[in-house]
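Q:
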């Protein structure tokens with residue numbers, strides 16, 4: 024993605040590095056061409072190879088995005104995506120789904136304890152999978168009460184968004200091992 | 007106010023004889039050391055016109071001490087309690103005439119107008135009071151360290167007196183000096199003269215266990231109802247426990263081994279079923295009561311422990327830094343967690359283990375006596391031995407468990423130390439030494455534990471054996487009774503069953519002292535902290551300063567962490583709102599101390615700190631602290647997310663505000679690049695942040711906090727040049743419009759300061775702008791030169 028040179032008509036230079044720039048959703052157009060995301064700020068500039076990332080991925084996953092140009096520098100912030108047109112919104116959702124591969128755990132089938140590692144067998148929103156975590160409590164984050172984030176030995180993330188929404192068996196496994 | 011200690015009889019007589027009494031003494035204090043360097047007693051007596059030193063004759067200093075009627079000097083020096091003091095007094099009264107004989111004449115005498123200055127020198131283990139009289143330097147007297155505090159006061163007073171007289175002679179009217187009241191001079195309990203533990207006014211000897219218990223029960227008061235219910239259940243449960251053996255008597259005498267004319271078999275079968283059913287019923291009911299009670303008691307004790315823990319923790323947060331200076335954090339942590347837990351476990355298990363057996367004991371004794379009082383006497387034959395052995399061993403046990411606890415604590419501290427400083431350990435390749443430091447401590451824990459366990463496991467079975475002897479006696483005596491047909495088999499077996507119940511609880515009751523001692527020790531340690539008053543308290547009606555302008559005035563401030571060893575001397579400094587002051591000086595010059603005073607972590611010993619013209623002591627601490635921002639050398643981030651850390655001082659800040667602060671601190675870009683963005687965890691698991699990143703987060707925190715007064719302590723260190731530039735930019739934005747105090751060892755970073763204050767030995771050496779000081783070629787110039795030299799050397803070394 025980095026090889027895609029941004030074809031930008033240079034914006035009226037925003038060299039003020041001390042303040043944040045908030046983007047107006049109504050003026051943003053997102054188009055995906057193959058692997059490249061093109062973001063146009065209406066009347067200003069088009070960024071090729073742009074990317075969106077969450078600023079508060081855990082506490083505010085659906086708001087506060089940073090738009091980076093092809094050079095990786097921040098172009099501005101998008102607070103609320105609801106102002107985007109339908110196509111752009113879909114583009115954003117697709118971009119986020121590409122960037123954040125954090126399967127939602129829907130069901131825990133079993134946990135096997137083996138020499139200090141745990142082998143999980145789960146069903147997620149992206150399909151069934153097995154993964155291994157090390158240690159009992161070190162690989163679990165609890166960003167908010169009732170939410171668990173597991174990180175496996177390879178650095179993959181698994182999200183239990185709502186503990187109470189799980190079935191009793193799954194809840195039992197999570198309580199026992201986190 | 008005059009500083010008068012009660013004079014000994016001999017001296018009082020002579021002083022009165024010379025008519026000194028006509029002129030009231032302003033100072034009359036005794037020293038315990040003679041000028042030639044041996045113990046002895048001398049008195050310094052100062053009246054408005056004269057100063058005199060008396061040597062109190064007599065061989066025994068003890069007699070002189072005792073002559074001092076309050077006996078407090080004696081108590082102080084020789085550690086005797088009241089008892090020892092009073093016998094000494096009698097002795098001295100007896101020989102009073104002898105002492106009274108030669109009227110002591112002053113060893114040294116001077117008119118106060120000849121005194122030009124005075125000072126105290128402190129040596130190791132003592133000091134001297136020196137004065138300049140008639141232009142000559144004179145050692146007035148010497149003293150040991152115990153009297154240091156008093157004589158520094160006296161010295162200061164005499165000096166001020168001389169200065170005051172000189173000033174009045176020149177026609178400058180000034181207030182005559184007074185002797186400051188020495189607030190915390192008394193390190194001893196006013197009642198028993200025992201040395202008080204550091205930092206508390208609670209005398210361990212005068213605090214009795216009962217009071218601790220009474221105080222503890224204060225925490226129980228809100229749960230009165232539950233306690234009554236639990237107690238009732240205890241009673242009922244005990245009763246249920248007593249029923250089963252009681253039923254075994256008819257089981258034997260009526261059913262199994264009929265006494266006299268046996269009933270028909272069918273009848274006996276009915277009886278058997280009824281009795282066993284009764285036993286079952288009593289046991290089921292007992293079980294139900296037992297479970298309910300245990301659950302209720304567990305709830306109660308955890309509630310209690312929780313409220314105690316909360317109070318302790320709240321109090322710890324209130325205490326000033328001075329309190330923390332003296333203690334290890336590890337030890338405090340164990341107070342909050344372990345001591346409350348110990349208290350809790352004692353209250354749950356301990357109270358049950360103690361109360362339930364006691365009730366059983368009462369019930370069993372009543373039943374046994376009513377059944378056969380002679381046999382009962384046989385049962386209790388071993389009792390005196392058991393009691394005697396218990397009493398003898400309890401003292402040893404009381405000693406043995408706390409020792410184990412203490413060694414464990416020390417081990418804990420060592421682990422904490424070396425693991426938190428593991429980088430230093432590795433850097434100096436001192437792993438082996440750390441291990442060898444750990445070894446003896448670990449062994450000490452093992453030995454103390456071994457000692458405790460061994461003592462315990464020796465004494466308990468021995469007690470068990472002794473108590474078992476009673477049953478043997480009953481078997482024999484009761485068996486004889488059955489053979490002689492004076493007693494039924496049922497009575498005997500019932501008796502044996504109850505006798506077994508007698509010694510069981512007795513064992514646990516003898517266990518109770520240990521529980522009790524542990525609980526009281528834990529409670530005392532907790533109360534010790536709760537009783538420590540915050541030493542930087544808010545005044546009764548603090549002045550509210552919702553918005554500080556930022557004028558800071560140091561008014562003749564003298565301060566030392568130990569009041570006798572000032573770190574800052576008479577520092578005066580007036581800082582206008584919005585000024586940036588750079589504090590410069592060698593380490594130990596008083597830079598950090600200045601900052602500590604500014605934050606009001608400590609109060610000045612003398613002089614005043616004014617914020618916007620108001621004495622800092624009068625300002626509500628909340629107002630003051632909420633408007634002072636710190637960016638410290640070691641950027642401490644709490645466990646939590648980046649966003650939470652930035653918003654630490656203002657938890658209600660919006661995400662936009664947090665991001666704006668991060669942006670201004672040059673932190674937004676690196677935060678946004680993290681996979682978890684502002685939700686990235688920091689703190690104990692925040693190893694992912696670099697030093698420069700942590701610093702910028704700390705700056706963002708300060709920016710969001712938006713303080714009126716800002717303190718930067720060596721904010722840029724250990725980062726690369728690029729990061730440093732980013733940090734410098736961030737700081738430049740941060741200090742705009744705020745009164746700023748900055749400490750930096752790299753003097754070049756202070757170029758932007760409106761004024762530089764050069765501290766040396768706790769005094770302000772120079773003050774001015776960077777350029778002024780450079781032009782002046784004074785202390786600052788020298789420091790800069792030295793630093794440049796250093797960097798040149800470093801450059802060559804590279």
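Chains as they are written, first to last, in this note's numbering: chain A, 24 to 201; chain B, 7 to 804.
Note that beta-carbon positions come from the ideal geometry of N, C-alpha and C, so glycine has one too.
Just so it is clear, the structure is predicted and the values come from calculations on it, not from any experiment.
Keeping to the same chain, check which residues put their C-beta closer than 7 Å to that of residue 183 of chain B; ignore five residues upstream and five downstream.
A: Cβ neighbours of residue 183 of chain B beyond the five flanking positions: 163, 166, 167 and 170.
Q: In chain A, which residues lie less than 8 Å from residue 687 of chain B when you measure between Cβ atoms?
A: Neighbours of residue 687 of chain B on chain A, chain order: 164.
Q: Any idea what DSSP makes of residue 31 of chain B, helix, strand or coil?
A: The answer is coil: DSSP assigns residue 31 of chain B none of H, G, I, E or B.
Q: Using 8 Å as the limit for Cβ to Cβ distance, is residue 171 of chain A near chain B?
A: Taking Cβ atoms only, chain B never reaches closer than 8 Å to residue 171 of chain A, which makes this a no.
Q: What number of angstroms, rounded off, separates the C-alpha of residue 668 of chain B from the C-alpha of residue 221 of chain B?
A: Their Cα atoms are separated by approximately 50 Å.
Q: Residue 87 of chain A touches chain B at which residues, Cβ-Cβ below 7 Å?
A: Those are 661, listed as they occur along chain B.
Q: Could you tell me which whole beta strand (DSSP E) segments of length 3 or greater appear in the stretch 40–122 of chain A?
A: Complete beta strand (DSSP E) runs here, min 3: 51–56, 59–64, 68–71, 74–77, 86–91 and 97–103.
Q: If you draw a straight line from the C-alpha of residue 164 of chain A to the C-alpha of residue 180 of chain A, how long is it?
A: Each residue's alpha carbon lies about 10 Å from the other.
Q: What is the C-beta distance between residue 664 of chain B and residue 653 of chain B, in whole angstroms, given that I count them as a contact (C-beta under 8 Å)?
A: Confirmed, about 6 Å.
Q: Should residue 49 of chain A and residue 122 of chain A be called a contact, given that it needs their Cβ atoms to be closer than 8 Å?
A: No.
Q: Please state the DSSP three-state secondary structure of residue 673 of chain B.
A: Looking at residue 673 of chain B - three-state DSSP - the assignment turns out to be coil, as it is neither helix nor strand.
Q: Thinking C-alpha only, which one of B:113, B:708 and B:412 is nearest residue 453 of chain B?
A: Nearest option by C-alpha distance: B:412.
Q: Whose Cβ in chain A lies nearer than 9 Å to the Cβ of residue 683 of chain B?
A: By Cβ distance, chain A contributes 76, 77, 78, 79, 80, 81, 87 and 89.
Q: Which residues does DSSP pair with residue 124 of chain B in a beta bridge?
A: Per DSSP, B:137.
Q: Which residues of chain A have a Cβ atom closer than 8 Å to the Cβ of residue 674 of chain B, listed in chain order?
A: Correct list: 43 and 97.
Q: Counting contacts by CB-CB distance shorter than 8 Å, is residue 678 of chain B in contact with chain A?
A: Answer yes: the Cβ-Cβ gap between residue 678 of chain B and chain A drops below 8 Å somewhere.
Q: Once DSSP output is grouped into helix, strand and coil, what is the label at residue 789 of chain B?
A: Here residue 789 of chain B sits in helix by DSSP.
Q: Less than 7 Å between C-beta atoms, sequence neighbours within five positions excluded: which residues of the same chain meet that for residue 477 of chain B?
A: Same-chain partners within the cutoff: 502, 505 and 506.
Q: Any chance you could list the beta strand (DSSP E) runs of at least 3 consecutive residues sitting entirely within the stretch 563–602 of chain B, in chain order?
A: Entirely contained in the stretch 563–602 of chain B, the beta strand (DSSP E) runs reaching 3 residues are, in chain order, 574–581 and 586–590.
Q: Here's a check: name, in chain order, each residue in its chain whose Cβ is nearer than 6 Å to the Cβ of residue 150 of chain B, leaving out the five neighbours to either side.
A: Excluding sequence neighbours, residue 150 of chain B sits near 38, 39 and 132.
Q: Using a C-beta cutoff of 8 Å, does residue 669 of chain B count as contacting chain A?
A: It does; some Cβ of chain A falls within 8 Å.
Q: Would you mind reading off the limits of the alpha helix (DSSP H) that contains residue 297 of chain B?
A: 271–324 is the extent of the alpha helix (DSSP H) around residue 297 of chain B.
Q: By the criterion of Cβ-Cβ separation under 8 Å, what are the contact partners of residue 707 of chain B in chain A?
A: The contacting residues do not exist; residue 707 of chain B stays about 17 Å from chain A at best.
Q: Hey, how far is the Cα of residue 97 of chain B from the Cα of residue 44 of chain B?
A: Only weak support exists for where residue 97 of chain B lies, its pLDDT of 37 falling under 50; the coordinates are left without a value.
Q: Whose CA, out of B:641, B:771, B:631 and B:726, lies closest to the CA of residue 712 of chain B?
A: Ranking the options by Cα distance to residue 712 of chain B, first place goes to B:631.
Q: Of all the residues that make up the stretch 728–752 of chain B, which are near chain A by a beta-carbon distance shorter than 7 Å?
A: Listed by position, the residues of the stretch 728–752 of chain B near chain A (Cβ gap below 7 Å) are 739.
Q: Quick check on residue 485 of chain B: buried or exposed, where buried means 16 or more other Cβ atoms within 10 Å of its Cβ?
A: The residue is exposed, with fewer than 16 neighbouring Cβ atoms inside 10 Å.
Q: Out of B:446, B:157 and B:63, which one is the CA nearest neighbour of residue 35 of chain B?
A: That would be B:157, whose Cα lies nearest to the Cα of residue 35 of chain B.
Q: Hey, out of B:727, B:562, B:728 and B:738, whose CA is closest to residue 706 of chain B's CA?
A: For residue 706 of chain B, the nearest C-alpha among the options comes from B:738.
Q: With distance defined between alpha-carbon atoms, name the residue in A:88, A:95 and A:130 nearest to residue 149 of chain A.
A: Nearest C-alpha to residue 149 of chain A: A:130.
Q: Should residue 54 of chain A go down as buried or exposed, given a rule of 16 or more other Cβ atoms within 10 Å for buried?
A: Label assigned to residue 54 of chain A: exposed.
Q: Residues in its own chain within less than 6 Å of residue 135 of chain B by CB, not counting five upstream and five downstream?
A: Answer for residue 135 of chain B: 126, 146, 147, 157 and 161, listed in chain order.
Q: For my contact list, residue 618 of chain B and residue 554 of chain B are in at a C-beta cut-off of 8 Å; report their separation, rounded to the angstrom.
A: Confirmed, about 6 Å.
Q: If we define contact as Cβ-Cβ less than 8 Å, is residue 466 of chain B a contact residue for chain A?
A: Not one chain A Cβ lies under 8 Å of residue 466 of chain B.
Q: Can you name the residues of chain A whose CB is closer than 9 Å to the CB of residue 665 of chain B?
A: Neighbours of residue 665 of chain B on chain A, chain order: 43, 78, 87 and 100.
Q: Quick check on the burial criterion: 16 or more other C-beta atoms within 10 angstroms. Buried or exposed for residue 37 of chain A?
A: Here residue 37 of chain A scores only 38 on pLDDT, less than 50, and its place in the model should not be relied on; the value that follows carries that caveat. Counting Cβ neighbours within 10 Å, residue 37 of chain A comes out exposed, since fewer than 16 surround it.
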